[in-house]
Amino acid sequence: MAANKSTKAQAAKVDDSTMEQFKIESFDVRKYNTIFYSIRDLYGRESQRQLGSDNFDWKAFKLQFEICFGRPEDCRYTTEQLLNFAKYKFNMSLEDLLAYNRKSWELRKRREQQYADMEQINSVIQHISEITNPHIDCSQMLDQYPY
1172 MAANKSTKAQ
1182 AAKVDDSTME
1192 QFKIESFDVR
1202 KYNTIFYSIR
1212 DLYGRESQRQ
1222 LGSDNFDWKA
1232 FKLQFEICFG
1242 RPEDCRYTTE
1252 QLLNFAKYKF
1262 NMSLEDLLAY
1272 NRKSWELRKR
1282 REQQYADMEQ
1292 INSVIQHISE
1302 ITNPHIDCSQ
1312 MLDQYPY
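In the numbering used here, the protein residues as written are 1172 to 1318.
Have a look at this one:
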């Protein structure tokens, strides 16, 4: 019995080396920071879940994470290594990490907007309290208006 050979032609790799100063890095390399920070956030949240919120310190975690993984600009690990790590630890692919990061940014923006709204409400409340002057001594009013 003869082995069947694949008749599919291999797609030729596009060579963009002649783009010179306009050449861009591959998509996953351009997304290194997104991958890095998604892993840090996921790792931190899982550590927090395991240790309990009372026993978890984000500042200490970030310092320890930097000791282990470095900073994004250090590129201590390749994109492929980080993606393999994310797959092993969190069962997440590049697409999953990008979606996670996008949701995280949306949540941060929503939270910032809520804080800005609360600040605006607080300033209105303070302005109203200044106008109505709540520092009136009620005992003086009662003396002036007997029953």
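Glycine included, each C-beta is placed from N, C-alpha and C at the ideal position.
What's the gap between the Cα of residue i and the Cα of residue j?
i	j	result
S1188	Q1181	20 Å
N1293	D1186	59 Å
Q1232	Y1208	As written in the sequence, residue 1232 is Phe, which differs from the Gln given in the question. The alpha-carbon atoms of F1232 and Y1208 are separated by roughly 13 Å.
W1229	I1195	35 Å
T1250	S1218	23 Å
Q1284	S1224	25 Å
G1215	Y1286	24 Å
N1204	I1299	46 Å
L1234	N1226	16 Å
On the DSSP letters alone, give me the boundaries of the alpha helix (DSSP H) that residue i sits inside.
i	result
Y1208	1203–1222
K1194	Element bounds for K1194: n/a, residue is neither H nor E.
Y1248	Looking at the DSSP string, Y1248 is not in any alpha helix (DSSP H), and its letter there is neither H nor E.
F1232	1229–1240
Cβ atoms of residue j and residue i: under 9 Å apart, would you say?
i	j	result
S1264	L1254	yes
K1280	I1210	no
Y1248	F1236	no
For residue i, which of helix, strand or coil comes out of DSSP?
i	result
S1275	helix
R1282	helix
A1183	coil
N1226	helix
S1264	coil
Please determine, among the options, the residue with the shortest C-alpha to C-alpha distance to residue i.
i	options	result
W1276	V1200, S1197, D1212, E1191	D1212
L1269	M1190, Q1192, E1191, D1199	D1199
P1243	I1206, Y1271, N1226	I1206
R1201	Y1271, N1262, C1246	C1246
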